[in-house]
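K.L.:
Let me begin by handing over the structure; questions about it come next.
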Amino acid sequence: MIGNPTERDALYYGGARAVANEAESAQEQTAIQPCVVSGTASQELSEAISRQSGIPLLDRRIERFPDGELYVRLSESVRGRDAFIVQSTCAPVNDNLFELLLLLDTLRRASAGRITAIIPYYGYARQDRKSIGREPITAKLVANLLAAAGANRVLSVDLHSPAIQGFFDIGMDHTSAIPLLAEHLRARLPRESVLVSPDTGGVKRVDTYARMLDLPIAILHKRRANAREVEIAAVVGDVRGKVPVIVDDIIATGGTIRRAVDTLVAAGARPEAWVVASHGVLAGDAIANLSHPQIHEIVVTDTIPISPALRAELPKLHVVSVADLLASAIHRLHKGLSLSALFPQGGAQPI
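In structure tokens form, the structure reads like this:
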């Protein structure tokens, strides 16, 4: 029996110190462990990234007040941790963008060690320059907002314009889903296929696919018919008797795709076109345009979530996941490794 007060105190305080040391050690382990934080626009993708990377998905609350304002709160500590927010700024673009900014500010104020915004689809990327006077350059404004909100680094997939990388005063990494899409096509396309760029601006993109798939290319030359309409003036390249594979970075309303299919079939291509793009925005009349009877299959990635209802209305649609690509990128960023190793030797680099 310990009856001496000094001995009792020593035992008590020694035990308390042991418990404190154990708690501090556990806290240190948590602090160095990275975490994934999902925005509401990329919940399914975030869960897949968490599973494949083994990095825990942080619990958070995102709610909306009756007047429309957003409320964000993290359910656990992120102090000193490497945090990766996954949020595409797809429709509703402004809501998802502001939610991303709130998540960044929340992590910054919660003392996260380093904050990386993983933006699979970078909204406003098509507003990357002034085409006429008195217009904003919104892609640059978004870059400034992300940095001001607390991002230390941004990573995105297949930007509409590679020049957007230069808009950032913080680290910006640009990855590509082209190797994943090309691998999907490799075993499925007929040998008598031709890769088609829907405009001259996509020539480099279609050339990247061509080198990976060893297929010829063709280009559609467009010109503006009037202030609102664009027409396809010519097909550059031989498409006669071949299966056309239309390659783009974004499918928005599908109007360009529909006109391209009509033009290619009229030029002698086989009426079984394939369409491949990194981002399936699929807005407006997309379902009607892409239900074209001469389209065989549409391939996109899950940078933008595709609802079950949309999949049911568009059975030709096939979705390739970028979860493994982004999980590998997060692992490499956390460990300070190069992202170049994500791309096969001589394969597609981001364009």
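For the sequence shown, this note's numbering gives the first residue as 2, with consecutive numbering after it. We put the CB at the ideal spot given by N, CA and C, even for glycine.
At which residue ranges does the stretch 38 to 115 contain complete beta strand (DSSP E) runs of 3 or more residues, listed in the order of the chain?
P.N.:
61 to 65, 71 to 75, 83 to 87
K.L.:
Once you ignore the five residues that flank Arg259 on each side, which residues in its own chain have a CB closer than 7 Å to its CB?
P.N.:
Asn290, His293
K.L.:
Closest by CA to Ala148, which one among Asp170, Ile138, Pro121?
P.N.:
For the residues Asp170, Ile138, Pro121, the minimum Cα distance to Ala148 belongs to Asp170.
K.L.:
Near Gly203, which residues of its chain fall below 7 Å by C-beta distance, leaving aside the five closest residues on each side in sequence?
P.N.:
Val248, Asp249
K.L.:
Can you give me the C-alpha to C-alpha distance between Ser76 and Ile233, rounded to a whole angstrom?
P.N.:
53 Å
K.L.:
Report buried or exposed for Tyr72, applying the criterion of at least 16 other Cβ atoms within 10 angstroms of its Cβ.
P.N.:
Exposed is the call here.
K.L.:
In this structure, does DSSP put Thr254 in helix, strand or coil?
P.N.:
coil
K.L.:
List the endpoints of the continuous alpha helix (DSSP H) containing Thr139.
P.N.:
Boundaries of the alpha helix (DSSP H) around Thr139: 139 to 150.
K.L.:
So Val197 and Leu265 are in contact, right, with Cβ under 8 Å, and what is the actual spacing, rounded?
P.N.:
7 Å
K.L.:
My output table needs one value for His222: the three-state DSSP class, helix, strand or coil.
P.N.:
strand
K.L.:
Quick one: Cα of Gly337 to Cα of Asp83, how far?
P.N.:
So the alpha carbons of these two residues sit roughly 12 Å apart.
K.L.:
Count the other CB atoms within 10 Å of the CB of Thr176; is the residue buried (16 or more) or exposed (fewer)?
P.N.:
buried
K.L.:
Mind checking Thr257: buried by the 16 CB within 10 Å criterion, or exposed?
P.N.:
It is buried - the Cβ of Thr257 has at least 16 other Cβ atoms within 10 Å.
K.L.:
Of the choices Ser308, Ala330, Leu334, Leu318, whose alpha-carbon is the least far from that of Gln44?
P.N.:
Ser308
K.L.:
Which same chain residues, not among the five before or five after Ala253, have their C-beta less than 6 Å away from its C-beta?
P.N.:
Val282, Ala284
K.L.:
Are Ala313 and Ile296 close, meaning C-beta to C-beta below 8 Å?
P.N.:
no
K.L.:
Among Val237, Tyr210, Ser89, Phe66, whose alpha-carbon lies nearest the alpha-carbon of Val276?
P.N.:
Tyr210
K.L.:
Could you tell me how far apart the beta carbons of Ala126 and Val79 are, in whole angstroms, since I believe they sit closer than 8 Å?
P.N.:
That belief does not hold up - the Cβ atoms of Ala126 and Val79 are roughly 29 Å apart, past 8 Å.
K.L.:
What are the boundary residues of the beta strand (DSSP E) that includes Asp208?
P.N.:
Taken as a continuous stretch (DSSP letters only), Asp208 belongs to no beta strand (DSSP E), being part of the alpha helix (DSSP H) at 204 to 214.
K.L.:
Just list the residues that DSSP pairs Ala278 with in beta bridges.
P.N.:
Asp249
K.L.:
Pull up the distance between the alpha-carbon of Gln88 and that of Ile119, whole angstroms please.
P.N.:
6 Å
K.L.:
Taking the continuous alpha helix (DSSP H) assigned at Glu298, which residues delimit it?
P.N.:
Glu298 -> not in any alpha helix (DSSP H); beta strand (DSSP E) instead, spanning 296 to 302.
K.L.:
Look at the Cβ atom of Leu327, then the Cβ atom of Pro121, and state whether they are nearer than 8 Å.
P.N.:
Remark: C-beta atoms of Leu327 and Pro121 approach each other more closely than 8 Å.
K.L.:
Alpha carbon to alpha carbon, how far is Arg192 from Pro163? Give it in angstroms, no decimals.
P.N.:
Taking the CA atoms as reference points, Pro163 sits about 31 Å from Arg192.
K.L.:
Taking the alpha-carbon positions, what's the Ala330 to Asp174 distance?
P.N.:
Cα to Cα, Ala330 sits roughly 9 Å from Asp174.
K.L.:
Taking the C-alpha atoms as reference points, what is the distance between Pro180 and Met213?
P.N.:
8 Å
K.L.:
Does DSSP classify Asp325 as helix, strand or coil?
P.N.:
helix
K.L.:
Are Asn145 and Thr117 closer than 8 Å when you measure CB to CB?
P.N.:
no
K.L.:
Quick check on the burial criterion: 16 or more other C-beta atoms within 10 angstroms. Buried or exposed for Lys1?
P.N.:
The structure shown does not extend to residue 1, since the chain is modelled only from 2 to 352, so the question has no answer here.
K.L.:
Check for me: the beta strand (DSSP E) holding Arg187 runs from which residue to which?
P.N.:
That residue, Arg187, is in no beta strand (DSSP E); its alpha helix (DSSP H) goes 179 to 187.
K.L.:
Can you grab the Cα-Cα spacing for the pair Ala183 / Ile305, in whole Å?
P.N.:
19 Å
K.L.:
For the candidate residues Leu105, Ile86, Gly151, Val320, whose alpha-carbon lies nearest to that of His185?
P.N.:
Val320
K.L.:
Tell me whether the beta-carbon of Pro57 lies closer than 8 Å to the beta-carbon of Cys91.
P.N.:
It is not a contact, given that the beta carbons lie outside the stated cut-off.
K.L.:
Taking the alpha-carbon of Pro93 as reference, which of Gly124, Gly114, Leu108, Glu70 has the nearest alpha-carbon?
P.N.:
Nearest of Gly124, Gly114, Leu108, Glu70 to Pro93, Cα basis: Gly124.
K.L.:
Going by CA-CA distance only, name the one from Glu298, Gln128, Ser157 that's closest to Arg189.
P.N.:
For the set Glu298, Gln128, Ser157, the Cα lying nearest the Cα of Arg189 is the one of Glu298.
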